[in-house]
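J.:
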Amino acid sequence: MFKSYRERLRLKSDRAAEQDESYGQTISVLWSFAITAAVIGLYFLVYLNWVTLPTALTTSDQAGNPGRFIAQVAKENLVTLTSNGPRVGGGQTNEVFTVNFLRSTIENIIAEANPAHKFELEVQQQRGSMLFDYISYPMTSAYQGVQNVLAEDYSWQRDRSHSTT
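Numbering-wise, our numbering comes out as the position in the sequence shown, counting from 1, plus 61.
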């Protein structure tokens, strides 16, 4: 009738272990190997993709590699675009500087392009509104004079319906 504290505690733990059959079970060894193999395989796939990337070309390599992607020029263009502060829609940086920069860069590409390709450059101005239908507070965002710069490249020999925009 009267049992010691230790004996009651031992009996309580024995009953709990009998009731919960999953107590103390661990993940199967096969699943451990499978997960480890998947992680190692994923690591080697990423590594293989990383080492097979082409070598980044600089402007000094441009003469020997006509028509190739020059990474240094792309980085310089990106630095030029991002060095003028925040590019908020409707702001001076985004709507004037960026549009003029893109337009002049695309016009340089058009001037140096192969005559077999035809390019079209178009700057569109848009205005409108959109509804953000959030559950707690729906709101409408209106915009006016936002510009899109579109460059279209298509070959003279090909049908225009297969062009790249």
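Ideal Cβ positions, reconstructed from N, Cα and C, are used throughout, including at glycine.
1. Does the region 183–193 touch the region 202–214, meaning 3 or more C-beta pairs lie closer than 8 Å?
2. Answer with buried or exposed for Thr87, where buried requires no fewer than 16 other C-beta atoms within 10 angstroms of its C-beta.
3. Compare the Cα-Cα distances from Ser164 to each of Leu182, Gly150, Leu142 and report the closest residue.
4. What ranges does the beta strand (DSSP E) occupy inside the region 177–206, keeping only unbroken runs of at least 3 residues that lie completely in it?
5. Give the DSSP-derived three-state secondary structure of Ser93 in the structure shown.
6. Within the same chain, show all residues whose beta-carbon is closer than 7 Å to that of Arg129, passing over the 5 residues directly before and after it, in chain order.
7. Just mark Thr97 as buried or exposed, buried being the case when its beta carbon has 16 or more other beta carbons within 10 Å.
8. Between the Cα of Gly151 and those of Ser202, Ser93, Lys179, Ala172, spot the shortest distance and give me the residue it belongs to.
9. Contact between the region 134–147 and the region 190–198 is defined here as three or more beta-carbon pairs at a separation below 8 Å; is this criterion met?
10. Taking the Cβ atom as the reference point for each residue, do Ile167 and Ala212 lie within a distance shorter than 7 Å?
T.: The structure says:
1. yes
2. exposed
3. Contrary to the premise, residue 164 reads as Arg rather than Ser in this sequence. Comparing Cα positions, the closest option is Leu182.
4. 178–193
5. helix
6. Leu118
7. exposed
8. Ser202
9. no
10. yes
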